[in-house]
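In what follows, a single structure is set out as C-alpha cells and then discussed.
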Amino acid sequence: MKGLRLHTLTRLAVVAGLAFGLTWTGLLAHRAAGADSTARGEALVKSSDCLSCHAIDHKVVGPAFQSVAQRYAGQPGIVPKLVEKVRKGGSGNWGSVAMTPHPNLSTADLTAMVEWVLSLRPAAAAKKAPAATAPPRTYTYTVNGRRITLDFPVFTTDHHVTPAIFNGWERFDSYCYRCHGEDAIGVELAPDLRESLRRGMTREQFISTAMAGRPGKGMPSWAGFFSPTEILEVYEYVKARSVGLVAPGRPGGE
Ligand code: HEC
Ligand code: HEC
Numbered sequence: 280m281k282g283l284r285l286h287t288l289t290r291l292a293v294v295a296g297l298a299f300g301l302t303w304t305g306l307l308a309h310r311a312a313g314a315d316s317t318a319r320g321e322a323l324v325k326s327s328d329c330l331s332c333h334a335i336d337h338k339v340v341g342p343a344f345q346s347v348a349q350r351y352a353g354q355p356g357i358v359p360k361l362v363e364k365v366r367k368g369g370s371g372n373w374g375s376v377a378m379t380p381h382p383n384l385s386t387a388d389l390t391a392m393v394e395w396v397l398s399l400r401p402a403a404a405a406k407k408a409p410a411a412t413a414p415p416r417t418y419t420y421t422v423n424g425r426r427i428t429l430d431f432p433v434f435t436t437d438h439h440v441t442p443a444i445f446n447g448w449e450r451f452d453s454y455c456y457r458c459h460g461e462d463a464i465g466v467e468l469a470p471d472l473r474e475s476l477r478r479g480m481t482r483e484q485f486i487s488t489a490m491a492g493r494p495g496k497g498m499p500s501w502a503g504f505f506s507p508t509e510i511l512e513v514y515e516y517v518k519a520r521s522v523g524l525v526a527p528g529r530p531g532g533e
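Counting the sequence shown from 1 gives a position; the working numbering is that position plus 279.
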C-alpha cells in the first residue's frame, strides 16, 4: 500500500516536473524552430530561382520582398495562400507580369520561403531619399550624324565597349543566338530583338520576358539561370546593337 502511494506521488512529481520543464523547453524549442525555419527559408530562396526576379528592397520582375511583407502583414491564413501562388505562379496582384510556377518545391520548403519573405521589415525610408533624388545619368553618342542618348554607357573612356556590353554579347552568343540569331541579327525562329527594342519594348519588359519566358511559345524562362544583372547586360548589348552603336561580331574598339 505504502509503496504504491509513494510510487503514485513520485509519478505525480515526475509528471509535474515534466510538464513544467516541457513548457519551458517547449517555448524555447518553438522559438529556435522559428528562427531555424526562417534561416532555412532564406537559404532556400537563395538556392532557388527567386532572386532572378525578386530583390529584398526593390522591384525587379516581381515585387520587392519587403513590399510583399508589408502588404500582407498580420493577415491570418496568408502563408498557405502565398505558398499556392508561388507553386502555381501567375499574375494580377502586382501587375500583369506572371510569376513562373514552381511545381517541384515541397509545401514545407515553400512555407519556409514564404515565412522568410513575410519576416522582412522595410528599410528606413530616410536611407533611400538621396538615391531617389539623384538625376539619372545619360550618355550621348553620335551614329551617322544622329545623336543618341542612352541611360547607360556603351564605351569606356578608351573607346572600347564597357565590360557590361562585352559580357552581354558573350552571353547572347552563347545562349540566345540559337533562336534569336547570332549577334542579334534575327532569324526565322524568334523575333529580331533589335526590332523589339526599336518598336518600344522597355528594359523592364525585356528583362521580365527573358526571366519569365513565354510558356507555350518557345521562349524559355531564364530565371534561376541568370541573375538580373546578367540579363541587364544582355539588354544593354542588344540595345546598343539596335541603335547601331555596336556592329555585328565580337565588340571591341569604337
Ligand atoms: C520569372 C520571375 C519570378 C520568379 C522566378 C519568382 N517570382 Fe515571385 N513573383 C513574380 C511576379 C511577376 C510576381 C507578381 C505576381 C502578381 O502580380 O500577382 C511575384 C509575386 C510573388 C509573391 C507575392 C504573391 C502575391 O500574390 O502577392 C511572393 C510571395 C513571391 N513572388 C515569392 C517568390 C518565391 C519564394 C520565388 C522562388 C521560389 C519566386 N517568387 C520566384 C516573379 C517571379
Ligand atoms: C529556344 C529558342 C529561344 C532561345 C534560346 C531564346 N529565345 Fe527569346 N524568344 C523565343 C521565341 C520563339 C520568342 C517569341 C515568343 C512569342 O511568340 O511571343 C522569343 C521572344 C523573346 C523576347 C520578346 C520579344 C518581343 O518582341 O516580344 C525577348 C525579350 C527574348 N525572347 C529574349 C531572349 C533572351 C535575352 C535570350 C537569351 C538569354 C533568349 N530570348 C533566348 C525563343 C528563344
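Positions of the beta carbon are idealized from the N, C-alpha and C atoms, including for glycine.
Near ligand 2: residue i beta-carbon under 8 Å from a heavy atom
i, result
"Ser375", "no"
"Ile464", "no"
"Thr488", "yes"
"Gln484", "yes"
"Ala469", "yes"
"Gly357", "For the sequence presented, residue 357 should be read as Ile rather than Gly. For ligand 2, not one heavy atom lies less than 8 Å from the Cβ of Ile357."
"Ser475", "yes"
"Val525", "no"
"Arg450", "yes"
"Arg457", "yes"
"Phe505", "yes"
Nearest-angstrom Cβ-Cβ length linking residue i and residue j, presumed shorter than 8 Å
i, j, result
"Tyr516", "Phe451", "6 Å"
"Gly523", "Val440", "With 8 Å as the limit, Gly523 and Val440 do not qualify as a contact, their Cβ atoms being about 14 Å apart."
"Gly479", "Asp471", "Not confirmed; about 14 Å, so no contact."
"Met498", "Ala469", "7 Å"
"Val362", "Thr390", "6 Å"
Nearest-angstrom Cα separation, counted from residue j out to residue i
i, j, result
"Ala338", "Arg457", "First, the amino acid is wrong: residue 338 is Lys here, not Ala. One C-alpha to the other measures close to 30 Å."
"Lys518", "Gly528", "15 Å"
"Leu429", "Thr436", "16 Å"
"Arg400", "Trp373", "19 Å"
"Pro398", "Asn383", "The sequence as given places Ser at residue 398; Pro does not occur at that position. Approximately 24 Å, taken between the alpha carbons."
"Gly503", "Thr419", "34 Å"
"Val365", "His381", "6 Å"
"Trp448", "Trp501", "16 Å"
"Ile488", "Ala314", "According to the sequence provided, residue 488 is Thr. The question's Ile does not apply to it. For Thr488 and Ala314, the distance between alpha carbons rounds to 36 Å."
"Arg477", "His459", "15 Å"
"Pro494", "Ser370", "14 Å"
"Arg319", "Glu467", "45 Å"
"Pro415", "Thr386", "43 Å"
"Asp388", "Ser316", "9 Å"
"Ala413", "Glu483", "20 Å"
"Ser326", "Phe505", "13 Å"
"Glu461", "Asn446", "15 Å"
"Gly356", "Lys367", "18 Å"
Cβ pair residue i, residue j closer than 9 Å
i, j, result
"Pro530", "Cys332", "no"
"Leu340", "Val396", "Residue identity differs from the one stated: residue 340 is Val in this sequence, not Leu. No, the Cβ-Cβ distance between Val340 and Val396 is not below 9 Å."
"Met392", "Leu323", "yes"
"Glu394", "Val358", "yes"
"Val376", "Ala526", "no"
"Arg426", "Arg473", "no"
"Ala334", "Phe344", "yes"
"Tyr454", "Phe485", "no"
"Ile444", "Glu509", "no"
"Asp241", "Ala402", "For the chain, the structure presents residues 280 to 533; residue 241 sits outside this window and is missing."
Any non-hydrogen atom of ligand 1 closer than 8 Å to residue i Cβ
i, result
"His438", "no"
"Phe445", "no"
"Met498", "no"
"His337", "no"
"Arg263", "The structure shown does not extend to residue 263, since the chain is modelled only from 280 through 533, so no value can be given for it."
Closer than 9 Å to chain D by CB, residue i
i, result
"Lys367", "The structure shown contains no chain D, having only a single protein chain."
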